[in-house]
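First the structure, in the form of C-alpha coordinates, and then the observations on it.
In my numbering, the protein residues as written are 698 to 818.
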(Lines of atoms letter the chains of each structure in order from A and count residues from 1; the text may use other names and numbers.)
(Lines give C-alpha, C1' and ligand atoms only; values in the text may rest on other atoms or scores of the structure.)
Protein backbone atom coordinates (compact mmCIF):
# COMPACT_ATOMS: atom_id res chain seq x y z
CA UNK A 1 0.00 0.00 0.00
CA UNK A 2 1.62 3.21 -1.20
CA UNK A 3 0.11 5.30 1.61
CA UNK A 4 2.00 3.23 4.21
CA UNK A 5 5.27 3.97 2.40
CA UNK A 6 4.58 7.71 2.57
CA UNK A 7 3.79 7.41 6.29
CA UNK A 8 7.12 5.67 6.92
CA UNK A 9 8.86 8.42 4.91
CA UNK A 10 7.08 11.05 7.06
CA UNK A 11 5.35 12.58 4.01
CA UNK A 12 1.91 12.70 5.60
CA UNK A 13 0.31 14.92 2.93
CA UNK A 14 1.14 12.40 0.20
CA UNK A 15 0.09 9.56 2.49
CA UNK A 16 -3.35 11.09 3.01
CA UNK A 17 -3.71 11.81 -0.72
CA UNK A 18 -2.71 8.26 -1.68
CA UNK A 19 -4.90 6.65 0.96
CA UNK A 20 -7.92 8.75 -0.06
CA UNK A 21 -7.48 7.58 -3.68
CA UNK A 22 -7.26 3.97 -2.49
CA UNK A 23 -10.34 4.44 -0.33
CA UNK A 24 -12.40 5.67 -3.29
CA UNK A 25 -11.22 2.71 -5.38
CA UNK A 26 -12.04 0.20 -2.64
CA UNK A 27 -15.51 1.70 -2.16
CA UNK A 28 -16.12 1.67 -5.93
CA UNK A 29 -15.18 -1.98 -6.28
CA UNK A 30 -16.77 -3.09 -3.00
CA UNK A 31 -13.70 -4.33 -1.12
CA UNK A 32 -14.63 -3.95 2.57
CA UNK A 33 -11.37 -5.41 3.92
CA UNK A 34 -9.43 -2.94 1.77
CA UNK A 35 -11.59 -0.14 3.14
CA UNK A 36 -10.81 -1.21 6.72
CA UNK A 37 -7.06 -1.27 6.13
CA UNK A 38 -7.05 2.06 4.31
CA UNK A 39 -9.19 3.81 6.92
CA UNK A 40 -6.91 2.49 9.68
CA UNK A 41 -3.75 3.83 8.01
CA UNK A 42 -5.54 7.06 7.04
CA UNK A 43 -6.26 7.59 10.73
CA UNK A 44 -2.56 7.10 11.48
CA UNK A 45 -1.55 9.59 8.78
CA UNK A 46 -3.97 12.22 10.05
CA UNK A 47 -2.81 11.59 13.61
CA UNK A 48 0.80 12.20 12.58
CA UNK A 49 -0.26 15.39 10.76
CA UNK A 50 -1.83 16.60 14.00
CA UNK A 51 -5.40 16.41 12.70
CA UNK A 52 -6.85 14.65 15.74
CA UNK A 53 -10.53 15.03 14.80
CA UNK A 54 -9.96 13.58 11.32
CA UNK A 55 -7.92 10.75 12.83
CA UNK A 56 -10.63 10.01 15.38
CA UNK A 57 -13.24 9.95 12.60
CA UNK A 58 -11.16 7.52 10.53
CA UNK A 59 -10.63 5.17 13.49
CA UNK A 60 -14.35 5.30 14.36
CA UNK A 61 -15.25 4.56 10.73
CA UNK A 62 -12.76 1.67 10.75
CA UNK A 63 -14.49 0.20 13.79
CA UNK A 64 -17.85 0.56 12.01
CA UNK A 65 -16.56 -1.35 8.97
CA UNK A 66 -15.00 -3.99 11.25
CA UNK A 67 -18.48 -4.74 12.61
CA UNK A 68 -19.63 -5.46 9.04
CA UNK A 69 -16.74 -7.91 8.52
CA UNK A 70 -17.88 -10.55 10.96
CA UNK A 71 -15.56 -13.53 10.77
CA UNK A 72 -12.71 -11.78 8.96
CA UNK A 73 -9.38 -12.93 10.44
CA UNK A 74 -8.00 -9.40 10.68
CA UNK A 75 -11.03 -7.88 12.40
CA UNK A 76 -10.13 -8.34 16.13
CA UNK A 77 -6.56 -7.17 15.56
CA UNK A 78 -7.71 -4.04 13.74
CA UNK A 79 -10.35 -3.30 16.37
CA UNK A 80 -7.80 -3.49 19.20
CA UNK A 81 -5.34 -1.30 17.27
CA UNK A 82 -8.05 1.31 16.58
CA UNK A 83 -9.09 1.37 20.22
CA UNK A 84 -5.44 1.83 21.21
CA UNK A 85 -5.06 4.80 18.86
CA UNK A 86 -8.35 6.33 20.05
CA UNK A 87 -7.01 6.08 23.62
CA UNK A 88 -3.69 7.53 22.47
CA UNK A 89 -5.49 10.55 20.96
CA UNK A 90 -6.88 11.26 24.44
CA UNK A 91 -3.68 10.40 26.33
CA UNK A 92 -0.62 11.02 24.14
CA UNK A 93 1.77 9.30 26.55
CA UNK A 94 -0.13 6.01 26.34
CA UNK A 95 2.05 3.13 25.13
CA UNK A 96 0.73 -0.17 23.77
CA UNK A 97 0.53 -3.23 25.98
CA UNK A 98 2.09 -6.43 24.62
CA UNK A 99 -1.06 -7.63 22.81
CA UNK A 100 -1.65 -4.21 21.24
CA UNK A 101 2.00 -3.94 20.28
CA UNK A 102 1.89 -7.25 18.37
CA UNK A 103 -1.36 -6.17 16.69
CA UNK A 104 0.35 -2.99 15.50
CA UNK A 105 3.39 -4.87 14.20
CA UNK A 106 1.18 -7.37 12.35
CA UNK A 107 -0.78 -4.49 10.79
CA UNK A 108 2.43 -2.96 9.46
CA UNK A 109 2.89 -0.19 12.04
CA UNK A 110 6.62 -0.57 12.53
CA UNK A 111 8.00 2.95 12.31
CA UNK A 112 6.05 4.12 15.37
CA UNK A 113 7.63 1.48 17.58
CA UNK A 114 10.91 0.84 15.77
CA UNK A 115 12.89 0.44 18.99
CA UNK A 116 10.87 -2.58 20.11
CA UNK A 117 11.07 -4.18 16.65
CA UNK A 118 14.87 -3.82 16.64
CA UNK A 119 15.05 -5.47 20.05
CA UNK A 120 13.17 -8.52 18.76
CA UNK A 121 15.38 -9.03 15.68
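Virtual Cβ for every residue (Gly too), placed ideally from N, Cα, C.
These figures come from a predicted structure and were not determined experimentally.
- When DSSP states are grouped into helix, strand and coil, residue 793 belongs to the coil group.
- When the five nearest sequence neighbours on each side are left out, the beta carbons in the same chain lying within less than 6 Å of the beta carbon of residue 749 are those of 786, in order along the chain.
- Contact check for residue 730 against residue 766 passes: the beta carbons are separated by less than 8 Å.
- Residue 797 and residue 746 have their C-alpha atoms spaced approximately 22 Å apart.
- When the beta-carbon positions are compared, residue 800 and residue 791 stay at least 8 Å from each other.
- Secondary structure remark: continuous alpha helix (DSSP H) runs of at least 4 residues inside the segment 758-790, in chain order: 772-787.
- The beta carbon of residue 778 is closer than 8 Å to those of 737, 797, 800, 801, 804 and 806 in its chain, skipping five residues each way along the sequence.
- Scanning its chain for C-beta atoms nearer than 7 Å, with the 5 sequence neighbours on each side dropped, one finds around residue 751 the residues 743, in chain order.
- 740 is the residue among 727, 725 and 740 whose C-alpha sits nearest the C-alpha of residue 714.
- Within its own chain, the residues whose Cβ lies closer than 8 Å to the Cβ of residue 762, once the five positions on either side in sequence are excluded, are 729, 732, 733 and 736, listed in chain order.
- Distances from the CA of residue 782 to each of 756, 773 and 794 were compared; the closest alpha carbon is that of 756.
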